[in-house]
Amino acid sequence: MSNSVTDTTFEKEVKEHKGYALVDFWAEWCGPCRQLSPIVDEIASEFENQVKVLKMNIDENPDTPTKMGVRGIPTLMLFQDGKHIATKVGSMPKSTLSDWINSEIK
Numbered sequence: 000m001s002n003s004v005t006d007t008t009f010e011k012e013v014k015e016h017k018g019y020a021l022v023d024f025w026a027e028w029c030g031p032c033r034q035l036s037p038i039v040d041e042i043a044s045e046f047e048n049q050v051k052v053l054k055m056n057i058d059e060n061p062d063t064p065t066k067m068g069v070r071g072i073p074t075l076m077l078f079q080d081g082k083h084i085a086t087k088v089g090s091m092p093k094s095t096l097s098d099w100i101n102s103e104i105k
């Protein structure tokens with residue numbers, strides 16, 4: 000299961016995290032975000048020992064998405080040791096998301 004991250008906790012949860020972190024930027028009104036949400040939860044379980052998976056509601060937390068350059072949602076950003084290393088935008092099948100993560104964390 001993924002956890003929520005906020006503008007207040009982003010620095011600690013993502014920027015100071017040692018290892019990989021995946022952040023799903025989403026909103027309740029976003030259909031593709033709702034479609035992707037259960038897939039992100041499954042990915043969180045599958046990669047639980049490799050990747051910390053977090054979700055950020057952009058309506059409740061507008062500062063971080065703006066700073067990170069999020070222009071469309073859903074946006075998935077992968078971080079390694081607090082540094083942004085890759086981005087995927089839009090909904091996708093679980094296999095595509097899993098393959099993307101695996102290709103980035105090798």
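Position 102 of the sequence shown, counted from 1, bears residue number 101 in numbering that gives the first Met the number 0, the numbering being contiguous throughout.
Beta carbons are placed, not taken as given, at the ideal position from N, Cα and C, and that holds for glycine.
This structure is a prediction, so every number in the text was calculated from the model and none was measured.
Of all alpha-carbon atoms in 4, 45, 37 and 71, the one lying nearest the alpha-carbon of residue 101 is that of 45. A direct Cα-to-Cα measurement between residue 28 and residue 42 gives close to 22 Å. Looking from the CA of residue 77, the closest CA among 35, 57 and 87 belongs to 87. When the five nearest sequence neighbours on each side are left out, the beta carbons in the same chain lying within less than 7 Å of the beta carbon of residue 90 are those of 31, 34, 35 and 73, in order along the chain.
In this chain, the beta strand (DSSP E) harbouring residue 56 covers 50–56. With respect to the 9 Å criterion, residue 98 and residue 18 are not classified as neighbours on the basis of their beta carbons.
The DSSP-derived three-state label of residue 63 is helix. The DSSP-derived three-state label of residue 38 is helix.
In this structure residue 7 is exposed. Its beta-carbon is surrounded by fewer than 16 other beta-carbon atoms within 10 angstroms. In this structure, DSSP gives residue 5 a state outside helix and strand, which the three-state scheme calls coil.
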